[in-house]
Amino acid sequence: MTLVQPADTRLAASVDRSIQLIQTGKAAGSTCSPDLAKGPWEFDAGPVAYGPGSSMGDVIPTGSPRQGALPESYKTASDAELHDRIRAAKATLGERVVVLGHFYQRDEVVEHADFVGDSFQLANAALTRPDAEAIVFCGVHFMAETADLLSTPDQAVILPNLAAGCSMADMADEESVEACWAELEDVYGDLTATDAAGRVPVIPVTYMNSSAALKGFVGRHGGLVCTSSNARTVLEWAFERGQRVLFFPDQHLGRNTAKALGVPLEQMPMWNPRRALGGSSADELLDARVILWHGFCSVHRRFTVDQIAQARIDHPGVQVIVHPECPMPVVDAADAAGSTDFIVKAIQAAPAGSTFAIGTEINLVQRLAAEYPQHEIFCLDPVVCPCSTMYRIHPGYLAWVLEELVAGRVVNRITVSDEVAEPARVALERMLAAKPPASVAPVDSGRDAPADAPRSTVEA
Ligand code: 13P
Ligand code: SF4
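For the sequence shown, position 9 (counting from the first letter as 1) is numbered 9 according to our numbering, and the numbering increases by one without interruption.
And the structure:
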């Protein structure tokens, strides 16, 4: 299967194109920010905001990598010229380079990707090309770090725009998590001591959407990484070894998954890093089963129960599928919730004539709508509002990093230090080894695919 569109449908599906039509008054609809009409380089050197799109209100933490100025010729080039330059550079580089494109990338970038998929699939896709000198990751910073963790030391992982972070990932930094851990030690005592059942007081679990430093943290403290596809299996693994879980950075994925496992909401206190004991009492923390970090995705929190109700009125028989980063009431009101890969597979498997309202990033939803014209597919949120940081990978940056490679220069390399990489790989390996307990019934709701379900990488 391919998610790359032929030229005509690509134009129709392109979020850039939708935004241009809305901004020029040629199409109905609205965007979440008029800033979307501006070029990305106007924001990338700016002081505080993430840029146009859903997470524009989130503040970039100091110390985040910032993109340097892009040479002028890339800013002034037309779309067609950039397209041709990217193709020419890729043709020159041949097997020396592999370009990875996340599902949330704009079509003008995805069309050049050798692999299109979710964050974990793409990191694995890089493993299939050990001879490529460079892995150009069209996604966000934590994804490029994960690719660096899994690739060979000789391979350079390149993020075309260093300002493409993830506002949710940045909501949990190493210093705050270390401080949290020390406070939990005050409440629970020795965090390595086991009870009669052999369980430690708390197991840390980090979502894939987090820095390599946090993956290293959980690796050092007996914890592991999860993705939106295997969060349930990972929590079950953790509950076998710990009395409770510290889950970061996404409160919604943690809450939705723990609730599906039967954990009562009152045993899921939130950890606000700006407050003493995260804002809970010691008794509440002693009673806790899952401590949820106060993080969220600005894209997925835009989806509401009212949007679902409206979709059901306007489209009787509609199937509503949302990403588990959506707030709990939205996941509860949907017909199914699952990772980006789950959403793609559900649409692929549906009989012709199905109608879907999808609660995830608009680039993926519009691409699926163009790819599967036999269905009616629309975004739950009628406002065109891409993930602002994914949107920072403009074709101009892709052309630049590729042409630099042609000239023998590696720019924007993402490197994880050995000190961090070693425990981070342990956390990833634990995730890969985690299996659902034999006593657990197979999950069929789509709210969580089994950990060992096939995770096919989509080759473009
Ligand atoms: P995936 O892990 O499904 O690629 O999701 C990444 C992401 O950023 C979701 O918001
Ligand atoms: Fe991060 Fe949300 Fe964008 Fe995914 S969609 S990269 S979680 S801000």
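The beta carbon of each residue, even a glycine, is placed where N, CA and C say it ideally should be.
In this structure, glycine 396 lies near leucine 82, with their beta-carbon atoms less than 7 Å apart. DSSP places phenylalanine 296 outside any beta strand (DSSP E), giving it a letter other than H or E. With respect to glutamine 267, alanine 288 sits close: the two C-beta atoms are nearer than 7 Å. Positions of the alpha helix (DSSP H) runs, each at least 4 residues long and wholly inside the segment 39-75, are given as 41-44 in order along the chain. Going by C-alpha positions, histidine 294 is about 26 Å away from leucine 149.
Beta-bridge partners assigned by DSSP to valine 290: Val245. Boundaries of the alpha helix (DSSP H) harbouring glycine 254: 251-260, taken from the DSSP string. The C-alpha of alanine 88 lies about 45 Å from the C-alpha of threonine 257. Listed in chain order, the non-local C-beta contacts of asparagine 272 below 8 Å within the same chain comprise Gly278, Gly279 and His294, local neighbours out to five positions each way being set aside. Annotated three-state conformation of tyrosine 391 is helix, per DSSP. Taking all protein chains shown into account, valine 320 has 16 or more neighbouring C-beta atoms within 10 Å of its C-beta and is therefore buried. Phenylalanine 217 carries a helical assignment under DSSP once its states are collapsed to helix, strand and coil.
The Cβ-Cβ distance between methionine 168 and proline 249 falls below 7 Å. At least 7 Å separates the beta-carbon of leucine 368 from that of isoleucine 362. As computed with DSSP, cysteine 180 is found in no beta bridge at all.
With three or more CB-CB distances shorter than 8 Å, the segment 155-162 counts as touching the segment 125-136. One Cα belongs to arginine 392, the other to arginine 106, and the distance between them is close to 10 Å. Taking the CA atoms as reference points, glycine 165 sits about 34 Å from alanine 350.
Aspartate 250 has its Cβ no nearer than 6 Å to any heavy atom of the ligand 13P.
By the Cβ-count criterion, valine 410 is exposed, with fewer than 16 other Cβ atoms from all chains shown falling within 10 Å of its own Cβ. In the DSSP assignment, alanine 156 falls within the beta strand (DSSP E) that extends over 156-158. Close CB contacts of glutamate 72 within its chain, under the 8 Å cut and outside five residues either way in sequence, are absent.
Take glutamate 108, set aside five residues on each side of it, and the residues of its chain with a beta-carbon closer than 7 Å to its own are Ser14, Asp16, Asp79 and Pro395, in chain order.
Cβ contact annotation for aspartate 173 (same chain, cutoff 7 Å, sequence separation greater than five): Pro61, in chain order. CA-to-CA, the gap between valine 420 and lysine 259 works out to about 32 Å. Between arginine 255 and methionine 328, the C-beta gap is smaller than 7 Å, which places the two residues in contact. Under DSSP, glycine 101 shares a beta bridge with Val116 and Cys138. Below 8 Å, enough C-beta pairs join the segment 218-229 and the segment 195-208 to call them touching: three or more.
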